[in-house]
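Chains as they are written, first to last, in the working numbering: chain C, 1 to 258; chain B, 259 to 516. From the three backbone atoms N, C-alpha and C, an ideal C-beta is built for every residue, glycine too. Take a look at the structure set out below.
2 protein chains.
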Amino acid sequence: METSMSEVANEGTGKLYVVGLGPGGAEDMSGRARKAIEACDLVAGYTVYIDLLHDEFPEKEILTTPMRKEVDRCRKALEAAAGGRSVAMVCSGDPGVYGMAGLIFELASEYPPVDIEVIPGVSASTGGAAVLGAPLMHDWCTISLSDLLTPWEKIEQRLTAAAQADFVISLYNPSSHKRPDYLQRACDILLAAGKDPDTVCGTVRNIGREGEEANIMTLAKLRDTKVDMFTCVYIGNSQTQEIDGHMVTPRGYLQRED
Amino acid sequence: METSMSEVANEGTGKLYVVGLGPGGAEDMSGRARKAIEACDLVAGYTVYIDLLHDEFPEKEILTTPMRKEVDRCRKALEAAAGGRSVAMVCSGDPGVYGMAGLIFELASEYPPVDIEVIPGVSASTGGAAVLGAPLMHDWCTISLSDLLTPWEKIEQRLTAAAQADFVISLYNPSSHKRPDYLQRACDILLAAGKDPDTVCGTVRNIGREGEEANIMTLAKLRDTKVDMFTCVYIGNSQTQEIDGHMVTPRGYLQRED
Numbered sequence: 001m002e003t004s005m006s007e008v009a010n011e012g013t014g015k016l017y018v019v020g021l022g023p024g025g026a027e028d029m030s031g032r033a034r035k036a037i038e039a040c041d042l043v044a045g046y047t048v049y050i051d052l053l054h055d056e057f058p059e060k061e062i063l064t065t066p067m068r069k070e071v072d073r074c075r076k077a078l079e080a081a082a083g084g085r086s087v088a089m090v091c092s093g094d095p096g097v098y099g100m101a102g103l104i105f106e107l108a109s110e111y112p113p114v115d116i117e118v119i120p121g122v123s124a125s126t127g128g129a130a131v132l133g134a135p136l137m138h139d140w141c142t143i144s145l146s147d148l149l150t151p152w153e154k155i156e157q158r159l160t161a162a163a164q165a166d167f168v169i170s171l172y173n174p175s176s177h178k179r180p181d182y183l184q185r186a187c188d189i190l191l192a193a194g195k196d197p198d199t200v201c202g203t204v205r206n207i208g209r210e211g212e213e214a215n216i217m218t219l220a221k222l223r224d225t226k227v228d229m230f231t232c233v234y235i236g237n238s239q240t241q242e243i244d245g246h247m248v249t250p251r252g253y254l255q256r257e258d
Numbered sequence: 259m260e261t262s263m264s265e266v267a268n269e270g271t272g273k274l275y276v277v278g279l280g281p282g283g284a285e286d287m288s289g290r291a292r293k294a295i296e297a298c299d300l301v302a303g304y305t306v307y308i309d310l311l312h313d314e315f316p317e318k319e320i321l322t323t324p325m326r327k328e329v330d331r332c333r334k335a336l337e338a339a340a341g342g343r344s345v346a347m348v349c350s351g352d353p354g355v356y357g358m359a360g361l362i363f364e365l366a367s368e369y370p371p372v373d374i375e376v377i378p379g380v381s382a383s384t385g386g387a388a389v390l391g392a393p394l395m396h397d398w399c400t401i402s403l404s405d406l407l408t409p410w411e412k413i414e415q416r417l418t419a420a421a422q423a424d425f426v427i428s429l430y431n432p433s434s435h436k437r438p439d440y441l442q443r444a445c446d447i448l449l450a451a452g453k454d455p456d457t458v459c460g461t462v463r464n465i466g467r468e469g470e471e472a473n474i475m476t477l478a479k480l481r482d483t484k485v486d487m488f489t490c491v492y493i494g495n496s497q498t499q500e501i502d503g504h505m506v507t508p509r510g511y512l513q514r515e516d
């Protein structure tokens, strides 16, 4: 596979891998992700994730841009690839879940042809779920509470729909300095939509990283809990249980047996 | 990490890893998943996925059970671990998304204490999304169309809610021999709930495996398309586009810039 990657890069058309690193450290990366980065001569990404790569791939040229500069970062990666280089744009978790994959495709038409390949990673949702136990075993949804790019009314509508249809919910971006009360607002919307205050919920901070911390609590307790932007929040469905310190949503196998 | 795994196993308490293999071949596996399997002396799983392991880990004792025997499979893995062995229960994709992780936790209380660790994998949802482009860039949900364990009315309610709240939708188990028309029924429910017939949709068959095949089409066309149980189906939100042969849901970065 590495050989064919190099061949593509040497043909003159650039190659751009959009690579998911998984939620935590280097061990969460897939073999495909590692090979793609190894096949590239330039690695681009958000400053925080790049430290991991310095340790794993010390010989690579690295291009970093800070948070909120997503468009610049993607343009620089596309420019380099359009110029014939092999570039890996790396993202934490999965690049197709609130990552850079979409923006790369949206911008690509402005550049000479580039061969774009998305390499998936373990998403923060399922990575954090594994720390808690098995909360996402039945139909579930992800909702980002960030209203930087999405009107709050749309977020509110999705929270209400998810509660009424009894989805398990995974929340991204549950809080930030400018939005310290967003998780509380979200919990109030879920409660107003009919969720039981005793619904089993969980939080995971620093998934797969130093200082990883998981907690299980009721929805009523979650409403009054402060979390930061490095936390994923999980809200169970009506069947979710706490079993021996784990958050578990039954799929229904045992119920079928009975 | 491998050392501490062996230490745990040698203490007498068994260890049970519930391991996600990712959606495709061995390269989709994470470093953590590979190390966990290497640290075990027994690997359990559904027959189909086990072939992959025979090639990668030829020296392992392997315990297979056929489809629909999920409870037996989990009991055998728990029994072996409770007897002091190190066991890896492997699942395709992520073990916490329609996999075996939940059932393991549900059954564990019936056995002597076992140290259970879930190792996440790239889910079929995000693995298939990477093949199509970037369909899951905004809030999304997964819904299984299998009514073996879930009443059809609940599935119908979730489809309607997902359509009305404009989630991107990833469908698991869209069809089977006994349910050849379920995808058509699901599409009709989405259309009745207000989805535009021109909504951009995609299908991916055999994600990351021999014979991988991806197609992009409208929701109206999807309604009349036959898919099999090895296919993941994606239904866009109101903003999803086809860009140069890729299915892409904008997150909103460029709209913010304008």
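In the structure shown, B/Asp373 falls within a strand segment according to DSSP collapsed to helix, strand and coil. The DSSP-derived three-state label of C/Ala39 is helix.
Its chain contains Ser144, Tyr172 as the residues whose beta carbon lies nearer than 7 Å to that of C/Tyr98, once the 5 sequence neighbours on both sides are disregarded; these appear in chain order. Membership of B/Gln442 in the alpha helix (DSSP H) is indicated by the continuous run 440 to 450.
DSSP assignment within the segment 446 to 490 of chain B yields the following whole beta strand (DSSP E) runs of 3 residues or more, N-terminal first: 458 to 463, 471 to 476.
Apart from the 5 residues on each side of it in sequence, B/Tyr369 sits with its Cβ closer than 6 Å to the Cβ of Leu336, Ala340 in its chain, given in chain order.
Judged by DSSP in its simplified three-state form, C/His246 adopts strand. C/Lys178 sits in coil when the DSSP states are folded into three classes, being neither helix nor strand. The residues Thr47, Ile50, in chain order, have a CB closer than 6 Å to that of C/Thr64 in the same chain once the five nearest residues on each side in sequence are set aside. According to DSSP, C/Thr65 shares a beta bridge with C/Tyr46.
Using a CB distance cut-off of 8 Å, B/Ile474 does not count as an interface residue toward chain C. Interface annotation, C/Ile62: not in contact with chain B, CB-CB separation never under 8 Å. C/His177 is classed as exposed because its beta carbon has fewer than 16 other beta carbons within 10 Å across all chains shown.
Under the DSSP assignment, B/Val276 falls in the beta strand (DSSP E) whose first and last residues are 272 to 278.
Residues of the segment 391 to 415 of chain B with a Cβ closer than 9 Å to any Cβ of chain C, in chain order: Gly391, Ala392, Pro393, Leu394, Met395, His396, Asp397, Trp398, Cys399, Thr400, Ile401, Ser402, Leu406, Leu407, Thr408, Lys412, Ile413, Gln415. About 17 Å separates the beta carbons of B/Gly303 and B/Val372, which is beyond the 8 Å limit, so they are not a contact pair. The beta-carbon distance between B/Leu300 and B/Val345, rounded to whole angstroms, is 5 Å. This is short enough to meet the 8 Å contact definition. No Cβ-Cβ contact shorter than 8 Å links C/Ala33 with C/Gly25. Contact residues of the segment 377 to 388 of chain B toward chain C are Ile377, Pro378, Gly379, Val380, Ser381, Ser383, Thr384, Gly385, Gly386, Ala387, Ala388 (C-beta to C-beta distance below 9 Å).
Our two residues, B/Glu317 and B/Glu296, have alpha carbons roughly 10 Å apart in a direct line. Separation of B/Cys332 and B/Thr400 (C-alpha to C-alpha, rounded to the nearest whole angstrom) is 24 Å.
Under the DSSP assignment, B/Ser383 falls in the alpha helix (DSSP H) whose first and last residues are 382 to 390. Going by DSSP, B/Ala346 is part of the beta strand (DSSP E) stretching over 344 to 349. Taking 8 Å as the threshold, the shortest C-beta distance from C/Arg179 to chain B does not fall below it. Between C/Leu136 and C/Thr249, the C-beta spacing is below 8 Å. Within the DSSP bridge table, the entry for B/Ile427 names B/Cys399, B/Ile493 as partners.
Within chain C, no C-beta atom comes nearer than 8 Å to that of B/Thr305; the closest sits roughly 18 Å away. Pairing B/Ala388 with C/Glu210, the inter-Cα distance amounts to about 29 Å.
Inter-residue distance for B/Phe363 and B/Val458 is about 38 Å (C-alpha atoms, whole angstroms).
Between the alpha carbons of C/Leu103 and C/Asp166 lies a distance of about 31 Å. Rounded to the nearest angstrom, the gap between the Cα atoms of B/Trp398 and B/Thr384 is 11 Å. In this structure, the CA atom of C/Thr231 is about 13 Å from the CA atom of C/Pro180. Per DSSP, the unbroken alpha helix (DSSP H) holding C/Ala101 starts and ends at 101 to 108.
With fewer than 16 other beta carbons inside 10 angstroms of its own, C/Ala192 counts as exposed. Contact with chain C is absent for B/Arg331, since none of that chain's Cβ atoms lies less than 8 Å from the residue's Cβ.
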